[in-house]
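Everything on this sheet refers to the single structure shown next.
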Amino acid sequence: MIFRCGLRVALCPVPFHTTMRSSNPMLARFADAARASVSGSRSDTMTVSGTATKSLILLAVLSFSASLVWQKVATGRTDMVMPAMLVGGIGGFIFALITIFKPQLAPWTAPIYAALQGILLGAISALYNLQYAGLPQQAVMLTVAVAGGVFALYHFRVIRATEGFKRMMFSAMLGIMLFYLGSMVLRLFGVNIGYFTSNGPLAIGINLVIAAVAAFSLVLDFDRIEEGVRMGAPKSMEWFSAFGLMVTLIWLYLELLRLLSRLQGRSDD
1462 MIFRCGLRVA LCPVPFHTTM RSSNPMLARF ADAARASVSG SRSDTMTVSG TATKSLILLA
1522 VLSFSASLVW QKVATGRTDM VMPAMLVGGI GGFIFALITI FKPQLAPWTA PIYAALQGIL
1582 LGAISALYNL QYAGLPQQAV MLTVAVAGGV FALYHFRVIR ATEGFKRMMF SAMLGIMLFY
1642 LGSMVLRLFG VNIGYFTSNG PLAIGINLVI AAVAAFSLVL DFDRIEEGVR MGAPKSMEWF
1702 SAFGLMVTLI WLYLELLRLL SRLQGRSDD
């Protein structure tokens, strides 16, 4: 979530002719790539099916690396949980930043990001599973169901990525990012606000709101993909858009995993 707003700026769906005059270097690079591809053949431009294929590839890479860590922990290798979280978390963050600032490198950096995040998610999921057996599987199924539901709402235009919707979502994500950053800074000074450890109604309510924002962020990803296709973005932007979709799905899964664990914790009390 720390780099989620930065990615949203990079994927911000504004007209490319406006983007070219923007002072934001990420927007300018994406626009340059799209404009340069206009004179090329259609076979060299971004498509919805191509982006979907890249997204499935990234999900397969993530699932494979996550299953490796999961199996190791399941066989008693709990000592590798923390190293896996550090390698996956820090490595994934670095490659996410590279992908955001260098979208043209996405065909190489996005799969590496997916593999590293798989290591992280495998370790986190294994920890949750040790406390609540079967909870990660429930979170995966719920993530798929929520993502499918949001896609259906977007496909049938029940939800539209209007300018007002985009501004509202960006403000919400910025607020969540500041909330997370503020919480981490306070914890460094020994102040614990209780959100990350509490199973109380307030914590569950906040968690539910954040999960909802993560879910509706998928609308922005779908809109970005469609706009990239309309603008004739280069083929490499399929990987970049698939990367953005992957970031949202990972965020949604983690929020749902945390939410389910809180609900399970309250039922066990």
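According to the numbering used here, the sequence shown is numbered sequentially starting from 1462.
Even for Gly, the Cβ is constructed at its ideal location relative to N, Cα and C.
Remember, it's a predicted structure, so these values are computed and weren't measured experimentally.
*Is it true that the stretch 1669-1681 meets the stretch 1537-1545, where meeting means three or more beta-carbon pairs spaced less than 8 Å apart?*
Taking a contact to require three or more Cβ pairs closer than 8 Å, the stretch 1669-1681 and the stretch 1537-1545 do not qualify as touching.
*Using the rule of at least 16 other Cβ atoms within 10 Å of the residue's Cβ for burial, across every protein chain shown, is Ser1500 buried or exposed?*
Numbered from its first residue, the sequence shown carries residue 1500 at position 39. Caution applies to Ser1500, whose pLDDT of 47 falls short of 50 and renders its modelled position unreliable; the model cannot decide the point.
_Between the alpha carbons of Ser1722 and Tyr1593, how many angstroms are there, rounded?_
Along the sequence shown, read from residue 1 onward, the residue named residue 1722 stands at position 261. Along the sequence shown, read from residue 1 onward, the residue named residue 1593 stands at position 132. Distance between the alpha carbons of Ser1722 and Tyr1593: 7 Å.
*Taking the Cβ atom as the reference point for each residue, do Val1548 and Ile1580 lie within a distance shorter than 8 Å?*
Numbered from its first residue, the sequence shown carries residue 1548 at position 87. Numbered from its first residue, the sequence shown carries residue 1580 at position 119. Closer than 8 Å, so yes.
*Given that a residue counts as buried once 16 or more other Cβ atoms are within 10 Å of its Cβ, and exposed if not, what is Arg1618?*
For the purposes of this step, residue 1618 is identified with residue 157 of the sequence shown, where counting begins at 1. Per the 10 Å Cβ criterion, exposed.
*Can at least three beta-carbon pairs, one atom from the stretch 1509-1525 and one from the stretch 1689-1706, be found at a separation below 8 Å?*
Contact between the stretch 1509-1525 and the stretch 1689-1706 is present, because at least three Cβ pairs lie under 8 Å.
*Quick one: using the 10 Å Cβ neighbour count with 16 as the cut-off for buried, is Glu1624 buried or exposed?*
Numbered from its first residue, the sequence shown carries residue 1624 at position 163. Under this definition Glu1624 is an exposed residue.
*Roughly how many angstroms lie between the CA atoms of Tyr1641 and Ile1654, to the nearest whole one?*
Stepping through the sequence shown from its first residue, residue 1641 is reached at position 180. Stepping through the sequence shown from its first residue, residue 1654 is reached at position 193. Approximately 11 Å between the Cα atoms of the pair.
_Tell me the rounded alpha-carbon separation between Ala1600 and Phe1612._
Position 139 of the sequence shown, counted from the first residue, corresponds to residue 1600. Position 151 of the sequence shown, counted from the first residue, corresponds to residue 1612. Between Ala1600 and Phe1612, the C-alpha separation is close to 18 Å.
*To the nearest angstrom, how far is it from the Cα of Ala1694 to the Cα of Ser1524?*
For the purposes of this step, residue 1694 is taken as the residue at position 233 of the sequence shown. For the purposes of this step, residue 1524 is taken as the residue at position 63 of the sequence shown. Approximately 28 Å between the Cα atoms of the pair.
*Gly1666 to Phe1683, Cα distance in whole Å?*
In the sequence shown, counting from the first residue as 1, residue 1666 sits at position 205. In the sequence shown, counting from the first residue as 1, residue 1683 sits at position 222. If you draw a straight line from the Cα of Gly1666 to the Cα of Phe1683, it comes to about 27 Å.
_7 Å Cβ shell around Met1546 - same chain, five flanking residues per side excluded_ = One-based indexing of the sequence shown puts residue 1546 at position 85. Leaving aside the five residues that flank Met1546 on each side, the residues in its chain whose CB is nearer than 7 Å to its CB run, in chain order, Leu1581, Ala1584 and Ile1585.
*Nearest CA to the CA of Gly1553: which residue from Pro1597, Ala1672, Ile1711 and Leu1596?*
Position 92 of the sequence shown holds residue 1553. Out of Pro1597, Ala1672, Ile1711 and Leu1596, Ile1711 has the C-alpha closest to the C-alpha of Gly1553.
*asked:* Excluding the 5 residues flanking Ala1567 on each side, which residues of the same chain have their C-beta closer than 7 Å to its C-beta?
replied: Counting from 1 along the sequence shown, the entry for residue 1567 is found at position 106. Once the five neighbours on either side are set aside, the close Cβ partners of Ala1567 are Thr1560, Ser1697, Trp1700, Phe1701 and Phe1704.
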